[in-house]
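Asker: Can you read through this structure? Questions will come right after.
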Amino acid sequence: MDKIIKGKSYVFGKNIDTDQICPGQYLELTDHKAIASHCLEGARSEFAKEFVKGGIVIALENFGCGSSREHAAISLKTIGVGAIIAKSFGRIFYRNAINMGIPLIVADNVEAIMGDGHLMEINLENSTIKNTNTGQIISCEVISEYAMNILEHGGIINLIKSM
5 MDKIIKGKSY VFGKNIDTDQ ICPGQYLELT DHKAIASHCL EGARSEFAKE
55 FVKGGIVIAL ENFGCGSSRE HAAISLKTIG VGAIIAKSFG RIFYRNAINM
105 GIPLIVADNV EAIMGDGHLM EINLENSTIK NTNTGQIISC EVISEYAMNI
155 LEHGGIINLI KSM
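Quick note: the sequence shown uses the numbering used here, first residue 5, plus one each step.
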């Protein structure tokens, strides 16, 4: 896994729940590409059509709150989200997303770098996030060694296969 993650930002507010990430009417879908075509549809209806692979989702607090649907993490991983930055994450979503291999970055002062469509650069080695459009740099929480090991393998399934 690359220690520098760069991508176009897609900004959301607070309390983006798993039903907004993957609306309930799509829970019967099993094809990951079909699931991804509805990614974040409940929060931004055209997100899946506008999204550029490697993009970075930025939100305020409590991203991924709500029910424990794995489809939320599947849709974000399959569409190609490079990372998600937020003040905080729903606990179950956090585990599901890390297990899928999506870097989740906790940053208390995320508002300082928010800019929809801006180019973001996350440096996992020095725990910083830079908005390259504005030059603003903030610090973020260090990803735990345990979570980083999962991410470096591309998800928990790949980690288990490597053992």
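All C-beta atoms, glycine included, are put in the ideal place defined by N, C-alpha and C.
Just so you know, these numbers come straight off a predicted model, no measurement behind them.
Mark residue 13 as exposed unless 16 or more other C-beta atoms lie within 10 angstroms of its C-beta, in which case mark it buried.
Answerer: It counts as buried.
Asker: Look up residue 120 in the DSSP assignment and say whether it is helix, strand or coil.
Answerer: Residue state, collapsed to three classes: coil.
Asker: Curious, which full-length beta strand (DSSP E) runs of at least 3 residues does the region 53–123 contain?
Answerer: As far as the region 53–123 is concerned, its whole beta strand (DSSP E) runs of at least 3 residues are 60–62, 87–90 and 108–110.
Asker: Report the partner residues of residue 125 according to the DSSP bridge assignment.
Answerer: Residue 125 is bridged to 10 and 134.
Asker: Thinking C-alpha only, which one of 151, 134, 150 and 149 is nearest residue 143?
Answerer: Minimum Cα distance to residue 143 is reached at 134.
Asker: Can you grab the Cα-Cα spacing for the pair residue 83 / residue 45, in whole Å?
Answerer: One C-alpha to the other measures close to 12 Å.
Asker: Enumerate in chain order the residues of its own chain whose CB-to-CB distance from residue 121 is below 7 Å, with the five nearest sequence positions on each side excluded.
Answerer: Excluding positions up to five away in sequence, the list reads 12 and 13.
Asker: Any chance you could list the beta strand (DSSP E) runs of at least 3 consecutive residues sitting entirely within the region 7–52, in chain order?
Answerer: Those beta strand (DSSP E) runs which fall completely within the region 7–52 and span 3+ residues are 8–15.
Asker: What is the DSSP secondary structure of residue 142, reduced to helix, strand or coil?
Answerer: If DSSP states are grouped into helix, strand and coil, residue 142 belongs with the strands.
Asker: Using C-beta distances below 7 Å, list every residue in its chain close to residue 108, excluding the 5 sequence neighbours before and after it, in chain order.
Answerer: 88, 93, 98, 101 and 102, listed in sequence order.
Asker: Of the residues 65, 16, 39 and 64, which one's Cα is nearest the Cα of residue 47?
Answerer: Ranking 65, 16, 39 and 64 by Cα distance to residue 47 puts 16 first.
Asker: My output table needs one value for residue 147: the three-state DSSP class, helix, strand or coil.
Answerer: Of the three classes helix, strand and coil, the one that applies to residue 147 here is coil, per DSSP.
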